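Read in the working numbering, the sequence shown has 136 at position 134, and its numbers run on one by one without any break. Just so it is clear, CB atoms sit at the ideal spot from N, CA and C, and this is done for glycine as well. From a predicted model like this one, the values you see are computed outputs, not experimental measurements.
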Amino acid sequence: MPYLDHNATTPVRPEVIEAMLPYFSEKSGNPASVHGAGRAARDGIDRSRRTLGEILGVHNSQIIFTSGGTESNNLALFGLAAKSGFKGRLVISGIEHPSVDSVATALEKHGMRITRVKPDSHGVIDAGKIMAAVDAETVAVSVMQANNETGVIQPVEEIAHACQNRRCVFHSDAVQVFGKKSLDFYRDCGGLLSLSAHKLGGPKGVGALVLDKSLALEPLLFGGGQERGRRSGTENLTGIVGFGVAAKLAVDGLALEQSRLSALRDSLADQVKQAIPQTVVFGENANKLANTLAMGWAGLDGETLVMNLDLAGYSVSSGSACSSGRTEPSRILKAMGVDTALGRSMIRVSLGLDSDALMVQQFAAQLIRTVRQLTSMSRIMG
Ligand code: PLP
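In structure tokens, the structure reads:
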């Protein structure tokens, strides 16, 4: 089954599985235990922490392992808000993942003020608009490194720099970027950075929140005081070991792999646009992740496209959500000002390690057939 949905999740790389295996058996002590089995487990966690620290340019003590991107985003924003007594303002972009956007909604119920800044029609957030929304009561700014639906990369370096000048905390969701693009904690964030393992060939259910040494957070989880008291609970040992190995593999092969994927992605877009000139690529003129292509054909239904492609053996996703029997464009496309009939038709193709030229060519042919069939059906149905 050709899998073209790597922004949803990736298969775990064989080297990662191999590295994890001993931690299910002979090295499966509790990392908090003082005996040999505990020390072996702790070594595994320490190694992953060092690996992530080296990749991101931070000290080991700045990394909190979590259960994934969702928890990291919740811990960052709730943790900061709780420290400020749920007072003040949070400035976020209008294209954040639900694990940031709905935290903001929850914080609003606790009394915080939220400002959402819309992207332009290419899906790019303007750093100037973000900073214009920052006022004296602003507790933090949160803008993702790149969007999961469109792949559009955001001007995080500029925002990080501006936040530093205004002495404002910058949180950034790097879940889609880690392992796909070079990432440096102090260049691209400087405040709090959320990561997840399963988007880069690691296991599901593990991630990290990286934070500047000057920042203090109120924990979400209280208990045994693991992760320096910032995230209690026995660590996901195998997951953390797998995360470190997957991150190192992804980052080591990054430049070559990303140029390979962007060539495949561009050839897919070219083939489809040549056969179907009405094809719209979302965020076409913006700087995008090499593996991501979001397309639409006004009048079609994204969910129906995804189901038809699935029947033909291909896994892709749609950005739309079905509410009360009618497909609605995604929140992201709405924020970009995309017309409803076009927005409803979006599908997202996200390539990965197992994508190659033959797969992309065959997929392009299938996609063209499917779009043509559905277009002629929708004409017949009026
Ligand atoms: N942030 C972004 C941008 C994502 O794409 C995702 C996953 O789809 C998440 C956060 C959530 O990460 P996790 O699945 O590890 O909770």
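Chain-order list of residues whose beta-carbon lies under 8 Å from that of residue i (same chain, five-residue window excluded)
i	result
Ile385	With the chain covering 3 to 384 only, the question about residue 385 has no answer from this structure.
Arg49	Val243, Gly246
Gln64	Gly55, Phe187, Val212, Leu213, Asp214, Lys215
Leu79	Leu92, Val102, Val105, Ala106, Leu109, Ala142, Ser144, His173
Secondary structure of residue i, DSSP reduced to three states
i	result
Met297	strand
Leu291	coil
Ile278	coil
Asp254	helix
Tyr25	helix
Asp387	Residue 387 lies beyond the range of the chain shown here (3 to 384); nothing can be said about it.
Ile382	helix
Arg333	helix
Ser74	helix
Tyr5	strand
Thr236	coil
Ile47	helix
Pro283	Note that residue 283 is Val in the sequence shown, not Pro. Reduced to three states, the DSSP call for Val283 is strand.
Glu91	According to the sequence shown, residue 91 is Arg rather than Glu. Arg91 falls in the strand class under three-state DSSP.
Ala387	Lying outside 3 to 384, the shown extent of the chain, residue 387 is not represented and no answer is given.
Leu195	strand
Ile127	coil
Asp356	coil
Ser317	strand
Rounded Cβ spacing between residue i and residue j (contact assumed at less than 8 Å)
i	j	result
Ser352	Asn62	Not really, about 31 Å apart at Cβ, beyond 8 Å.
Ala271	Leu295	6 Å
Asp266	Ala135	The question names Asp, yet the displayed sequence has Leu at residue 266. Wrong, their Cβ atoms sit about 38 Å apart, outside the cutoff.
Gly90	Glu139	4 Å
His173	Ser144	4 Å
Ala288	His99	That pair is no contact at about 18 Å.
Gly203	Arg15	4 Å
Gly304	Ser320	3 Å
Asp129	Gln147	Inspection of the sequence shows that residue 129 is occupied by Ala rather than by Asp. In fact, because the Cβ distance is near 13 Å, the residues do not count as touching under 8 Å.
beta-carbon residue i near the ligand PLP non-hydrogen atom, thresh 6 Å
i	result
Asp175	yes
His99	yes
Ser123	no
Asn150	yes
Gly354	no
Ser234	no
Thr294	no
Gln64	no
Thr68	no
Thr240	no
Ser27	no
Thr107	no
Ser347	no
Ser395	This structure leaves residue 395 out entirely; the chain is present only between 3 and 384.
Gln147	no
Gly226	no
Gly209	yes
Gln178	yes
Gly71	yes
7 Å CB neighbourhood of residue i in its chain, flanking five on each side removed
i	result
Val119	Val93, Ser95, Gly96, Ile127, Lys131, Ile132, Ala135
Asp268	none
Val253	Ile57, Gly181
Ser86	Val141
Val60	Phe187, Val212
6 Å CB neighbourhood of residue i in its chain, flanking five on each side removed
i	result
Lys182	Leu291
Asn238	Val208
Leu355	none
Arg44	Pro33
Ile155	Ala148, Asn289
Gly158	According to the sequence as given, residue 158 is Val; it is not Gly. Within the same chain, Val158 has close Cβ partners Gln147, Ser174, Asp190.
Contact with chain D by residue i, beta-carbon distance below 7 Å
i	result
Gly59	Of the protein chains in the structure, only one exists, and it is not chain D.
I want to know whether the segment 245 to 263 touches the segment 223 to 235 - three or more CB-CB distances under 8 Å. no
Tell me, please, whether the segment 66 to 81 touches the segment 188 to 198 by the rule of three or more beta-carbon pairs shorter than 8 Å. Yes: the two stretches touch, three or more of their Cβ pairs being nearer than 8 Å.
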